[in-house]
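Below is one structure, written out as structure tokens; comments come after it.
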Amino acid sequence: MYSPDQTKKLQQLTESLLKKDEKHPITSGEVEQLRDVLRFHEHRYYILNDPLVADQEYDKLFKSLEKLEQLHPNLITADSPTQRVSKGLTKDFPPAPHLVPMLSLENSYNEEDLRDWDRRVRELAKLDNIEYCVEPKFDGASISLIYDNDLLQRGATRGNGVAGDDITTNIKQIRSVPLSAKFSDYGIQQIEIRGEVLINKDNFNKYNKHLVEQNLPPLANPRNAAAGTLRIKDSGEVGKRNLEAFLYHVSYYTITPKHTLSDELQTHSGCLKMLWDLGFRSPMKEKKVLKGIEGVIEYCREYEAKRDDLPYEIDGMVIKVNNIDMQDQLGMTTHHPRWAIAFKFKARQATSKLRNVEYQVGRTGSITPVAKIDPVAIGGVTVSSISLHNEDVIREKDFMLGDTVLVERAGDVIPYIVKPLTELRTGSEKKIEFPTNCPVCGDPLVKPVDEAVWRCNNINCEAQVLERIIHFTSKDAMDIRGLGDANIRKFYELKFLRDVPGIYELPFDQIRTREGFGEKSITNLQSAIEASKSQPLHRLIYALGIRHVGETTGKTLAHAVKYLPDLANFSMEDLQALEDIGPKVAGSVYQFFHNWDNLEMLKKLESLGLQLKNEGPELTAEGNLSGLTFLFTGTMPTLKRSEAEAMVESNGGKLVGSVSAKLNYLVVGEDAGSKLEKAKKLPSVKIITEAEFLQMVNR
Ligand code: IVH
């Protein structure tokens, strides 16, 4: 897409644009250059996975473009990088008829199926040897895109194959889909292309972790996550889920008069190359062109072996006749093209019997039903326990005890039950009765109207206490290695450990006398416990297991105070003034710090040697100022304002415009005025000098 020369030029342009500041701002004459630079970096990041600038630098240029376009709205173009940004909620998704019906593919499951198909193709084409293009079968949600005169006009779901839903606003959130592409260079006026929207395994797992932190049920698998995300009405939310798209098929195009057909358009592999060269993510690198079916089979097997190592899910390979004229000659049946076939990998599904449902009590009292099934091997792993998330899942999917159930396990993804096979019911199946009382402490369960999860509200419920201790010691929290789930449960049973502070008062004399505890493991455990006392404050906050407080909120709260118990002085409004804290999170933080037991526990932890004071900012790899906000006031002794601000950004910090609870540091110079006065009234704002600021940067 970008030649080495173009890359060099755009890199130089990037540097010169990044140097611009308030005194020498980017001018309206440079708007197209700025856009080219942004598009170039999007391509490096989202298609090549090889960025050439830091995120903050990209953001800085993006903001400059937004500012310029705000000042000169006449400069805005439909394909400007700013035009991906969501504008409120989508009302509904109007019907979107496809230019050519979206057919599905015939499936094959073994080598014989493939050889049979090849035989049929050779007979119909009257040729001995056919050239095939083989590429992964992406396991996501299919989409179709229409570009008119180089501009993305419409993005649609597959729907019933004849018409789908118009999801253009959501498609624009997918950064690997260009808003414009130079199809005109190939003489193309209008084109319809097909592809697959995916969420990669990493982003899927991250997103699920976030859902679980919010006490929401995680999504079943990346395929459902991608399909579901495309139908969300809040395109801002779509943007956050980091969808990706592979484009793999040209289904229709019109050629401008007098233009001859480009060579690329005469083969499928040529189409993939054209799409790649135009900035799309096509399976250009993943595909292989092969003559004859035996090589095809070998390539399919090769890919199957590395399936788990790919960053995204694939469920097979697709084999296509490479020559487009030959494709047309082969035509299609009523259901699928004759020129292509899917080779499906071994299923990661199996059936088993649902024997029982057990109910687990989580750290915040949430009750999770867990299906106990007859052990079954899927993709090399034996599965016997599967979360059903909440009561609604049981009702919606209509599970009954004794049902034969279909179980799926994809790659690194947690197994889940797809559905009960109701046609196999015998009449002996039993309804699943969701408990009305906590299975551990017996307290009545409650469920707020707007939530899906039943809860035990007894914070002294043994199950909750245990889960809180386990969470407190976990890797991302206080990271006390050697304590582990099993030991915590054992110590709890033996009454060696009954609450979180108890971790720091373990009776090692007694532990020593028990089987399974050598001197070495005891010393290791003691030093892990000792080391945890100096974990930074944000980890302690996360470790406390306050509902809705994940690692990010832990950091926000840690930056807001000098001494943890001070959070008890924050009103709901103060809490909500902090970054990314809404009423729900604020409510649970407020509740936690207004509970006498919790405050006593903090006192106890402090007396046991834990650090409740904020020992200054946490230093992170992205930059010494990561996660912190700054504002400058007055004249600095040595730095120019613009230099100081650039230093904040290039070290991972953020600039804010005014003094509020969102501000972490006010850097004051000479003649500081009202900002300083206001900051003095806010205990969470630290007031520092230029010298102190420079120390933070260089630390
Ligand atoms: S070609 C007319 N290529 O698999 C042929 N499909 O049942 C158009 N899929 O609906 C499809 N990866 O959603 C093609 N590399 C690939 C694919 C692919 C995934 C999906 C697609 C289609 C389904 C086939």
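All you need for this note's numbering is the position in the sequence shown, starting with 1, plus 95. Glycine included, C-beta positions come from ideal geometry on N, C-alpha and C.
Does the Cβ of residue i have 16 or more other Cβ atoms within 10 Å, making it buried, or fewer, making it exposed?
{"i": "residue 606", "result": "buried"}
{"i": "residue 520", "result": "exposed"}
{"i": "residue 580", "result": "exposed"}
{"i": "residue 568", "result": "buried"}
{"i": "residue 638", "result": "buried"}
{"i": "residue 234", "result": "buried"}
{"i": "residue 330", "result": "buried"}
{"i": "residue 539", "result": "exposed"}
{"i": "residue 681", "result": "buried"}
{"i": "residue 735", "result": "exposed"}
{"i": "residue 339", "result": "buried"}
{"i": "residue 418", "result": "buried"}
{"i": "residue 202", "result": "exposed"}
{"i": "residue 351", "result": "exposed"}
{"i": "residue 119", "result": "exposed"}
{"i": "residue 654", "result": "buried"}
{"i": "residue 222", "result": "exposed"}
{"i": "residue 468", "result": "buried"}
{"i": "residue 166", "result": "exposed"}
{"i": "residue 212", "result": "buried"}
{"i": "residue 464", "result": "buried"}
{"i": "residue 287", "result": "buried"}
{"i": "residue 504", "result": "buried"}
{"i": "residue 695", "result": "exposed"}
{"i": "residue 793", "result": "exposed"}
Have a look at residue i and residue j and give me their C-alpha separation to the nearest angstrom.
{"i": "residue 392", "j": "residue 305", "result": "40 Å"}
{"i": "residue 541", "j": "residue 552", "result": "7 Å"}
{"i": "residue 709", "j": "residue 679", "result": "25 Å"}
{"i": "residue 575", "j": "residue 625", "result": "9 Å"}
{"i": "residue 577", "j": "residue 299", "result": "29 Å"}
{"i": "residue 796", "j": "residue 564", "result": "There is no way to answer for residue 796, as the model of the chain reaches only from 96 to 794."}
{"i": "residue 707", "j": "residue 142", "result": "45 Å"}
{"i": "residue 400", "j": "residue 207", "result": "19 Å"}
{"i": "residue 382", "j": "residue 550", "result": "50 Å"}
{"i": "residue 293", "j": "residue 583", "result": "40 Å"}
{"i": "residue 398", "j": "residue 378", "result": "13 Å"}
{"i": "residue 96", "j": "residue 745", "result": "29 Å"}
{"i": "residue 562", "j": "residue 466", "result": "20 Å"}
{"i": "residue 669", "j": "residue 770", "result": "18 Å"}
{"i": "residue 511", "j": "residue 315", "result": "6 Å"}
{"i": "residue 205", "j": "residue 278", "result": "38 Å"}
{"i": "residue 593", "j": "residue 453", "result": "24 Å"}
{"i": "residue 407", "j": "residue 782", "result": "47 Å"}
{"i": "residue 284", "j": "residue 248", "result": "12 Å"}
{"i": "residue 110", "j": "residue 128", "result": "12 Å"}
{"i": "residue 688", "j": "residue 627", "result": "22 Å"}
{"i": "residue 98", "j": "residue 652", "result": "47 Å"}
{"i": "residue 458", "j": "residue 660", "result": "22 Å"}
{"i": "residue 737", "j": "residue 544", "result": "51 Å"}
{"i": "residue 246", "j": "residue 646", "result": "41 Å"}
Quick one: residues in its chain with C-beta nearer than 8 Å to the C-beta of residue i, no 5 flanking neighbours on either side, listed in chain order?
{"i": "residue 176", "result": "130, 133, 134, 137, 157, 160, 274"}
{"i": "residue 145", "result": "139"}
Got a sec? Which residues, its chain only, sit under 7 Å from residue i by beta carbon, not counting five neighbours each side?
{"i": "residue 250", "result": "238, 240, 262, 263, 266"}
{"i": "residue 387", "result": "224"}
{"i": "residue 354", "result": "282"}
{"i": "residue 856", "result": "With the chain covering 96 to 794 only, the question about residue 856 has no answer from this structure."}
{"i": "residue 254", "result": "260"}
{"i": "residue 112", "result": "121, 129, 132, 156"}
Since residue i contacts residue j with CB under 8 Å, what's their CB separation in whole angstroms?
{"i": "residue 364", "j": "residue 384", "result": "5 Å"}
{"i": "residue 516", "j": "residue 500", "result": "7 Å"}
{"i": "residue 721", "j": "residue 752", "result": "Incorrect: roughly 20 Å between the Cβ atoms, too far for contact."}
{"i": "residue 496", "j": "residue 473", "result": "In fact, because the Cβ distance is near 21 Å, the residues do not count as touching under 8 Å."}
{"i": "residue 644", "j": "residue 684", "result": "7 Å"}
{"i": "residue 55", "j": "residue 729", "result": "A query on residue 55 cannot be resolved here, the shown segment of the chain reaching from 96 to 794 and no further."}
{"i": "residue 471", "j": "residue 478", "result": "6 Å"}
{"i": "residue 376", "j": "residue 271", "result": "5 Å"}
Return the chain-ordered list of same chain residues with a C-beta closer than 6 Å to the C-beta of residue i, the five sequence neighbours on each side being excluded.
{"i": "residue 257", "result": "196"}
{"i": "residue 415", "result": "228, 363, 435"}
{"i": "residue 802", "result": "Absent from the structure is residue 802, since the part of the chain shown begins at 96 and ends at 794."}
Is residue i close to chain C? Criterion is C-beta to C-beta, closer than 8 Å.
{"i": "residue 497", "result": "Absence of chain C from the displayed structure is noted, only one protein chain being present."}
Check your understanding: Which ranges would you report for the alpha helix (DSSP H) in the region 544–598 if only whole runs of at least 4 residues count?
Key -> Counting only runs of at least 4 residues, the region 544–598 fully encloses the following alpha helix (DSSP H) elements, listed from N- to C-terminal order: 557–568, 579–588.
Practice item. Write down every uninterrupted run of the alpha helix (DSSP H) in the region 256–315 whose length is 4 residues or greater and which is fully enclosed by it, in chain order. Key: Fully enclosed alpha helix (DSSP H) runs of 4 or longer: 263–266, 296–308.
Exercise for review: Taking only runs that begin and end inside the region 111–139, name each unbroken beta strand (DSSP E) of 3 or more residues, in chain order.
Suggested key: No beta strand (DSSP E) of 3 residues or more sits fully in the region 111–139.
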